[in-house]
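Residue numbers (mature numbering (1 follows the signal peptide of the UniProt record, and there is no 0)): -27 to -1, 1 to 487.
Glycine included, each C-beta is placed from N, C-alpha and C at the ideal position.
Shown next, in structure tokens, is the structure this report addresses.
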Amino acid sequence: MVLAMKSLNRLLHCWILLISLLFVVNGQFPSTLEGPFKPVTVPVNYSIIGQVTSLPVNDNPPLSPEIEFQPQQISLSLSSDLSSVWVSWITGEYQIGDDIEPLDPQSVASVVQYGVYKSGRNNLAAGSSFIYSQQYPNEDPNNYTSGIIHRVLVTGLDPDTMYEYQCGDPSIPAMSEVHYFRTMPSPPKDYPSRVVVVGGLGLTYNTSTTISHMAANHPDLALLVGDLSFADLYCTNGTLCDFQNCSFPQSPLQETYQPRWDHWGRFMQILTATVPTMVIEGDHEIEKQADDLTFTAYNYRFAFPSDESGSTLYYSFNAADQYKWLERDLFNVNRSVTPWLVAAWHPPWYSTYKDHYREAECMRVEMEELLYKHGVDIVFNGHVNAYERSNRVYNYTLDPCGPVHITVGSGGNEMNLTLEHADEPGNCPDPSNTPDRFMGGSCGFNFTSGPAAGNFCWNEQPEYSAYRESSFGYGILEVKNQTHALWMWYRNQDRYSVGTDGIYIVRQPDRCPS
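So, in structure tokens, the structure goes:
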């Protein structure tokens, strides 16, 4: 089961995505039964630092359509019903300025032709279409209007079956190339085997390596834990913003270069057109408009299984606002059918890096007990531009029944890697400065017990932090059976088939009943 949720109280814009997956244990890797493990910090490889270079999308936009209204930015995503899949794409080009005539969404049909692989595409599904605008502050002349966004729900699919499809308008004709995807297996008999997890992608040469390595590992499902295109780092003229001037009324961060979303969508199509991809919003998706609207591009560009929650800011793959919604959904989980619960949202609770250290503390204080009580097994986060895996932990204390927290926020991004840790001399932030500027509120406190008692930070790598490394990369989760799941961290500087941090996460339902 997969759930996602908007923050509690205040404006904590984050997803919580609960995934129940069942995926043989070969003994090649250590397991959490052997933990807790002594903390490991991998030395920084400075040869990969400072090499964040954006792809030259303005001079050579990737995968530009060859004919008018040919589908581009094609992506798949799961529905709350395992027999259905969303297909999304864009036709026509975006427009810049106020003196424009927006494209008419009704002028181009939204059709998917599909069928079981090699049996012909004899089935048709039709959907809806729309456009959106991004209105900038300060009467900026570069206001953005999108191309036509199409969204079709393909229903009645068989589980664990390969399908082929084309999307577009067959009457023009303007159809896409033929693409392929495999539906999710139907529990409890069989389960998806490879779920790739990554955050902080951006559109850089590092992103290119990440995506090519991910695709080469043939995942069944992709989970992107926020900070996607980083369009908000660019001014409306397409140049990278000067972050030193962010506090002024004419701040570049009040702008956002929306065409970067289109370039990103085209670039990602190599993955998203064949692998169902679920997204979680991060702070870089806020993109506040002149009328105070937020998350506009994010809400329009992606399809979500949000019928149960009524919001794209929290959803469930096969179940269901905020705390009540999550509590109800967790209560209804049958662990004999869905033994694995994996939660994901954007800002981490258990990151030991200086950047964003304990920013989501208010969320942790309010929600951690609920997740622990219901036996959540794994938590995925992004936000921090680095990788870190915790020991099993609850309330900053080692606990064999607590989740394993994994931060995977260095998929490529535009801001380089995070290198400094809060436990290093001179790096511990003032608690009053730690609340996230988008979340609001302050729940920072000094530790009351353990080696860090009386302090806001540890003076060494905390015992709950098992492994941390500043490298670009991604991870893959393979759930082998009802009790064993293999997690593997892959670095971009290695071959795509070589993992660096691997561990079997083992459930103990008899010891840790939920």
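query: Proximity winner among Asp142, Gly88, Tyr105, relative to Gly129 (alpha-carbon distances); result: Gly88
query: Assigned secondary structure, Asn179 (DSSP; H/G/I helix, E/B strand, else coil); result: helix
query: Sub-7 Å separation of Leu450 and Trp460 beta-carbons; result: yes
query: Cβ pair Glu361, Arg441 closer than 7 Å; result: yes
query: Candidates Ser470, Glu387, Gly382, of which the one nearest Pro29 by Cα; result: Glu387
query: Residue range of the beta strand (DSSP E) that includes Asp474; result: 472 to 479
query: Close beta carbons around residue 489, own chain, < 6 Å, minus the five adjacent residues each side; result: A question about residue 489 goes unanswered here, because the residues of the chain that appear run from -27 up to 487.
query: Residue of Val357, Ser166, Val15, Gly399 minimising C-alpha distance to Gly385; result: Val357
query: Reduced DSSP secondary structure (H/G/I, E/B, other) of Phe154; result: strand
query: Residue range of the beta strand (DSSP E) that includes Val338; result: Where Val338 is concerned, there is no enclosing beta strand (DSSP E), although the alpha helix (DSSP H) it sits in stretches over 334 to 346.
query: Where Leu49 falls, given that 16 or more other Cβ within 10 Å makes a residue buried; result: buried
query: Assigned exposure category for Phe103 - 16 Cβ within 10 Å defines buried; result: exposed
query: Helix, strand or coil at Arg94 [DSSP, three-state]; result: coil
query: Distance, Thr14 Cα to Ile476 Cα; result: 16 Å
query: Contact between the stretch 120 to 135 and the stretch 188 to 202 (3+ Cβ pairs under 8 Å); result: no
query: Proximity below 7 Å, CB of residue 490 to CB of Asn465; result: This structure leaves residue 490 out entirely; the chain is present only between -27 and 487.
query: Arg365 classed as buried or exposed, judged by whether at least 16 other C-beta atoms fall within 10 angstroms; result: buried
query: Nearest-angstrom beta carbon gap, Tyr345 and Gly375 [assumed within contact, 8 Å]; result: 6 Å
query: Lys453 versus Ser52, Ser324, Pro402, Ser166, residue with shortest Cα-Cα distance; result: Ser166
query: Of the residues Gln108, Ala82, Thr209, the one placed nearest Gly141, counting alpha carbons only; result: Ala82
query: Ala270 versus Gln107: straight-line alpha-carbon distance, rounded; result: 8 Å
query: Among Phe353, Glu339, Asp131, the one whose alpha carbon lies nearest that of Ser415; result: Glu339
query: Cβ neighbours of Ser202 in the same chain (closer than 6 Å, five flanking residues each side left out); result: Arg233, Trp234, Trp237
query: Cβ pair count under 8 Å reaching 3, the stretch 416 to 431 against the stretch 206 to 214; result: no
query: Three-state secondary structure (DSSP) of Arg464; result: strand
query: Arg365 (DSSP reduced to helix, strand or coil); result: coil
query: CB-CB length for Ser487 against His347, believed under 8 Å; result: 5 Å
query: Backbone CA spacing between Ser363 and Ile145 [nearest angstrom]; result: 54 Å
query: C-alpha distance - Glu254 paired with Val171, whole-angstrom precision; result: 12 Å
query: Beta strand (DSSP E) runs wholly inside the stretch 400 to 445, at least 3 long, in chain order; result: 438 to 442
query: Own chain partners of Pro9 with C-beta closer than 6 Å, once the 5 adjacent residues on each side are dropped; result: Asn364, Leu371
query: Alpha-carbon to alpha-carbon, Ser80 and Pro12; result: 59 Å
query: Close beta carbons around residue 490, own chain, < 6 Å, minus the five adjacent residues each side; result: Outside the displayed range of the chain (-27 to 487) lies residue 490, so it cannot be described from this structure.
query: Exposure of Ile184, with buried meaning 16 or more beta-carbon neighbours within 10 Å; result: buried
query: Leu314 classed as buried or exposed, judged by whether at least 16 other C-beta atoms fall within 10 angstroms; result: buried
query: Cβ-based burial, Gln46 [other Cβ within 10 Å; buried from 16]; result: buried
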